[in-house]
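Trainee: Chains as they are written, first to last, in the numbering used here: chain B, 172 to 682; chain V, 43 to 517. Note that CB positions come from ideal geometry on N, CA and C, so glycine has one too.
(1) Over the uninterrupted alpha helix (DSSP H) stretch that includes residue 208(V), give me the two end residues.
(2) Short check: CB of residue 492(B) to CB of residue 413(B), under 8 Å?
(3) Which of the three DSSP states, helix, strand or coil, is assigned to residue 186(V)?
(4) So residue 335(V) and residue 265(V) are in contact, right, with Cβ under 8 Å, and what is the actual spacing, rounded?
(5) Between the Cα of residue 664(B) and the Cα atoms of 614(B), 584(B), 425(B), which residue gives the shortest distance?
(6) Anything in the region 232 to 261 of chain B with a Cβ closer than 7 Å to a Cβ of chain V? List those residues in chain order, please.
(7) Considering just the uninterrupted stretch of the alpha helix (DSSP H) at residue 501(B), what are its terminal residues?
(8) Within 10 angstroms of its Cβ, does residue 527(B) collect 16 or more other Cβ (buried), or is it exposed?
(9) Report the residues of the region 429 to 455 of chain V with a CB closer than 7 Å to any CB of chain B, ordered along the chain.
(10) Output yes if chain B places a C-beta closer than 8 Å to the C-beta of residue 142(V); else output no.
(11) If I follow the unbroken alpha helix (DSSP H) through residue 620(B), where does it start and stop?
(12) Span of the beta strand (DSSP E) holding residue 244(B)?
(13) Is the CB of residue 470(V) under 8 Å away from at least one CB in chain B?
(14) So what does DSSP say about residue 330(V), is it helix, strand or coil?
(15) Considering residue 115(V), what are the terminal residues of the alpha helix (DSSP H) in which it resides?
(16) How many Å lie between residue 227(B) and residue 249(B) at the Cα?
(17) Do we get a CB-CB distance below 8 Å when we pair residue 360(V) with the residues of chain B?
(18) List the residues of chain V that residue 432(B) touches, going by C-beta distances under 9 Å, in chain order.
(19) At the level of alpha carbons, what is the spacing between residue 367(V) and residue 152(V)?
(20) Among the residues of its own chain, which have a CB less than 7 Å from the CB of residue 349(V), if the five just before and after it don't count?
(21) Using DSSP with H/G/I as helix, E/B as strand and the rest coil, what is residue 300(B)?
(22) Output the residue ranges of the alpha helix (DSSP H) runs that lie fully inside the region 224 to 302 of chain V and measure 4 residues or longer, sorted by chain position.
(23) Check whether the Cβ of residue 364(B) lies closer than 8 Å to any Cβ atom in chain V.
(24) Quick check on DSSP: helix, strand or coil for residue 239(B)?
(25) Run through chain V and tell me which residues come within less than 8 Å of residue 337(B), C-beta to C-beta.
(26) In chain order, which alpha helix (DSSP H) runs of at least 4 residues are fully inside the region 51 to 113 of chain V?
(27) For residue 214(B), which residues in the same chain have their Cβ closer than 6 Å to its Cβ, ignoring the five residues on either side in sequence?
(28) Please go through the same chain and pick out, in chain order, the residues whose beta-carbon is closer than 8 Å to the beta-carbon of residue 358(V), but skip the five residues on each side of it.
(29) Name, please, each residue of chain V whose Cβ falls closer than 7 Å to the Cβ of residue 330(B).
(30) Measuring straight from C-alpha to C-alpha, what distance separates residue 601(B) and residue 513(B)?
(31) Taking DSSP as the reference, what is the three-state secondary structure of residue 165(V)?
(32) Closer than 8 Å, Cβ to Cβ, to anything on chain V: give me those residues from the region 301 to 335 of chain B, in chain order.
(33) Does the structure place the region 433 to 453 of chain B close enough to the region 373 to 380 of chain B that three or more beta carbon pairs sit under 8 Å?
(34) Who are the near neighbours of residue 202(V) in its chain, counting only those whose CB is closer than 6 Å to its CB and skipping five residues on each side?
(35) Does the beta carbon of residue 422(V) sit closer than 8 Å to a beta carbon anywhere in chain B?
(36) Taking only the alpha-carbon atoms, compute the straight-line gap between residue 674(B) and residue 648(B) and give it to the nearest angstrom.
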């Protein structure tokens, strides 16, 4: 009954993009794109709900042979498991929010929505494809839409940021391609499926390479995959592109970038670096888990310290993303051997991806609304905005509090889970990382206090806005913020909905 | 028996007749555009014959005292070469009618060169190969001089001198191989053992072909010649000539290596050449300000990638099909690229990269077609360029040449810089498009068809791959 349901979900935005080509009316284009994103969200929600939790494993599988050459055998293989289902839902949700937040778009509307729709398809493809080559294709395909979206609709040094983003990601992709090719060149590997699926008699790479000799040492293949994902995560010292890309991207793209694109890296770490390298010969992921924890800790602290110095709202949130994605790696590192690991941490790490997606999405959304009104993102020039736009301020404060890990919001849940697990394994790193939370409280409260409350800086001559004329968001501005706040609060109160999913998925990835 | 063998080379014969009759009817017709249609008709008939031959193909035949071979590879590639030439003449109809002074000579020489290419891909005897290569490249020299720019004569002369030099080197290679093996025929020529003379022979042979394929460091003629040539000839050189050259290389390399020959040193040599070619091509392209020259250097870089596939096929002949797929994909992509270039050059009346600014706002359709071509050259997923690169690099890794593949991937990442520079000018730049002329829509027709093919082959390459596999396995 659900044959090709997943395929339809993944390609629905792309088909809408094709459909848009025949329209010229700007208003109609906006309507069609937003409704398409809502339909995609409903489709992803349906996938999430109808995923059979008692059965587990890969579901909604779409499979056929795709490339059958001597040098590469690849299949079109889509499916979701407990680990990817929430991320697919996250993509649907954040894309919808991103589309809704673009309803004011005036400049080259048709192109804008076409690129955004293609971006959505490629992200959905990354989370659902179970064939390495297909995964790589979706992973790389997102570059061109991002390049255009940042380059055309961005602000500031947009061309520089766009090309920087592309070059960093392409470099990472180059490493990943080599890793994929050398995996396939190994004698024991005859298919590029990322998981074994018994229903269609498919044996995936994790089973194929277990205990076998590879053509290139497993450690190098691991490293290549890791570099590709570390660029995307982004991990110190490969984080350089992120602040620029975020700062100069339009609001919707920032939401997509922070909300879902960074999660592709986390997903890849779990699915590939953890999934493949547990029983490989000569080298396993357990050999380097300490190093991963160190890198995660450095990212957390480095990101937080840099964030403290930022005065641009978007740049501030971008750097805080580096810090927050560091938690993902720290939690991920809580796997020291096939028997000693902490499900708490791994679940927390996966949860952190989801919660960071929603929280940062809300942050960028509200910053975008503020920027629309004040035309500045400089904290020194803002102030006392809460008086003039209380509703936007409310959501901005919610995003800030959730981001610093206030109990009751989703950020707290994931962080506490990560620390609970890693404390037993890496007490020193955990204690150091916990300071990241303190620093987060520092920069976020400072940001909220200076921009939303305090004195208004109207008196300053270089003010770009008229304080008196500031208006609060209307219904269309606030609706996406409300939508995205719902999961933040639900997870804060009832995290078990998602944890059961992640737990199931991670247990299957662990062999 | 010889008379019967003529049926196997029926389509080259028809092409020769076409090229002669074009010259004759030039005296009788007033409307010179009829010449173009007549040539197209001749090409069409020969393609039909080839298709019939392909469908009724039974087994490989060595014909004309084993100097030619009639196999699936020949028929398949001949169909592609003829179709490409058909597209070039059809697409550049406007150019040929309005900008070429001596139309019948132009068409006749082009068809003669094509006949040369057809013989190149079916020849199995070194003397025949040599003659066919000459037949393919001599008409090109005069065709290059057909351009009206100030560089045309210089370009033609450069091509003349370097083409002669390269054939000389090629002959030198043949001499060495003949001295060692006592045979000029690929079928009976087996290099049974390794000695300096055989290696020298093969290297000379390769260098002779490398000139034609514009593989660095033997690419020096390419930028100037391409810049000075009329656009149809540039397109012809980078699609038909290149394909024929690569098929020849594939055929020679499949035939001559036997188990007794130690190919390791030769493989190292080729790997170094391929790395040099990629790097010089990409670094050269970054520096260019002229569109035509940029794509010339990108051609050099792509020749380097294709060479990776050639290297892989020395150890494992099955890699030939991936190489062929890549070369065909590249030919289709450059067909689309050069048609778009001609269209854009007509609009801007110069070929600088700056001229692309604001193109999308003014001419969205051509921008999209051009972008697809550029993305395919860059190797972005869902295009044939990506598939080709993945297949070729995977063949390389498969055969223990991971380091070449790594350098190849790094190179294709460097190339992003200048390809995206083009896209930045087209899409992102806010400058207004500076339109100085008008352009015929004909150019876009072929370009859009071939970019459709770029997408189809990029998304679903399996059909083409299995076709090429059967074709190669027949050799």
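Mentor: According to the structure data:
(1) 194 to 223
(2) yes
(3) helix
(4) 5 Å
(5) 584(B)
(6) 237, 238, 239, 240, 241, 242, 243
(7) 484 to 503
(8) buried
(9) 432, 433, 435, 436, 437, 439, 440, 444, 447, 448, 451, 452, 455
(10) no
(11) 598 to 623
(12) 244 to 251
(13) yes
(14) coil
(15) 114 to 133
(16) 16 Å
(17) yes
(18) By Cβ distance, chain V contributes nothing, its closest Cβ being about 16 Å from residue 432(B), past 9 Å.
(19) 25 Å
(20) 257, 312, 315, 316, 319
(21) strand
(22) 238 to 255, 263 to 270, 273 to 278, 284 to 298
(23) no
(24) strand
(25) 458, 462
(26) 52 to 67, 75 to 97
(27) 180
(28) 437, 440, 441
(29) 466, 470
(30) 14 Å
(31) strand
(32) 304, 307, 308, 309, 311, 312, 314, 315, 318, 319, 322, 323, 329, 330, 333, 334
(33) yes
(34) 183
(35) yes
(36) 35 Å
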